[in-house]
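Undergrad: Residue numbers (the UniProt record's numbering): 1 to 231. Please see the structure below; I have some questions.
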């Protein structure tokens with residue numbers, strides 16, 4: 001059966017990805033499906049069908065099935081557990097005095113993977129707090145750092161005190177999702193070991209963006225009616 005390509009939205013951050021479907025049924029816009037993303041098995045929502053490039057048939061991730069009532073019930077139950085885990089993590093962060101805002105959490109359908117949505121605003125090491133979560137069960141914890149661009153946001157931070165299978169710990173240090181194993185943290189700088197921009201650096205960055213937008217607005221306003229400046 002020929003593979004069909006769909007654009008699917010998934011995750012609380014609203015990720016968009018291309019996924020292949022080989023089932024006999026026709027998928028509709030806004031239909032909930034079960035996908036195998038880079039994060040794991042989770043729910044997603046079909047946005048539209050795409051034209052499939054001939055060379056892409058073996059490279060796209062799969063749509064596993066249409067979501068059932070059981071999938072939705074499991075997702076809600078696991079989300080409750082993920083919310084409790086986030087509250088526990090937030091307590092560890094507050095006790096340690098770490099400069100991190102705990103935004104949200106979500107759980108995948110494997111009953112093992114939990115995604116924590118965090119916003120750090122200064123250098124910090126989250127490993128001890130993450131290790132304490134792993135010690136309570138076999139969990140795989142992923143971190144979405146909302147200070148970064150979406151493509152660099154998701155990491156699997158280093159933990160070393162758990163030792164349970166599937167908890168997301170890396171025995172030799174580094175971030176298993178980015179290929180760094182030297183103990184110095186994520187090679188993209190996105191995990192809890194990476195360098196975190198300070199508040200002054202972020203302020204200067206956004207001030208620069210504002211200046212660029214203001215300059216562009218003034219240029220457009222000064223152009224003759226019906227004509228825009230060419231870059």
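A virtual CB, placed ideally from N, CA and C, is assigned to each residue, including glycine.
Quick check on DSSP: helix, strand or coil for residue 134?
TA: Helix.
Undergrad: Give the range of the alpha helix (DSSP H) segment to which residue 94 is assigned.
TA: Residues 69-96.
Undergrad: What residues are listed by DSSP as bridge partners for residue 48?
TA: The partner list for residue 48 (beta bridge, DSSP) reads 7.
Undergrad: Just curious, the beta strand (DSSP E) that residue 20 is in, first and last residue?
TA: Where residue 20 is concerned, the enclosing beta strand (DSSP E) stretches over 15-21.
Undergrad: Using alpha carbons as the reference points, say which of 27, 10, 29 lies closest to residue 38.
TA: Ranking the options by Cα distance to residue 38, first place goes to 10.
Undergrad: In chain order, what residues of the same chain lie with their CB nearer than 8 Å to the CB of residue 109, ignoring the 5 residues before and after it?
TA: 34, 40, 41, 42, 43, 71, 74, 75, 78.
Undergrad: How is residue 120 classed by DSSP in three states: helix, strand or coil?
TA: Residue 120 falls in the strand class under three-state DSSP.
Undergrad: State yes or no: is the C-beta of residue 82 within less than 8 Å of the C-beta of residue 107?
TA: Yes, the Cβ-Cβ distance between residue 82 and residue 107 is below 8 Å.
Undergrad: Could you check how far apart the C-beta atoms of residue 50 and residue 5 are, in whole angstroms? I think they sit under 8 Å.
TA: Contact flag correct, Cβ pair sits at about 4 Å.
Undergrad: How big is the Cα-Cα spacing for residue 61 and residue 20?
TA: Answer to the nearest angstrom: the Cα atoms are 6 Å apart.
Undergrad: Bridge partners for residue 37 per DSSP, in chain order?
TA: The partner list for residue 37 (beta bridge, DSSP) is empty, contrary to what the question assumes.
Undergrad: By Cβ distance below 6 Å, which residues in the same chain neighbour residue 98 in space, the five residues on each side in sequence not counted?
TA: Excluding positions up to five away in sequence, the list reads 124.
Undergrad: In chain order, what residues of the same chain lie with their CB nearer than 8 Å to the CB of residue 94, ignoring the 5 residues before and after it?
TA: For residue 94, where only same-chain residues beyond five positions count, there are no Cβ hits under 8 Å.
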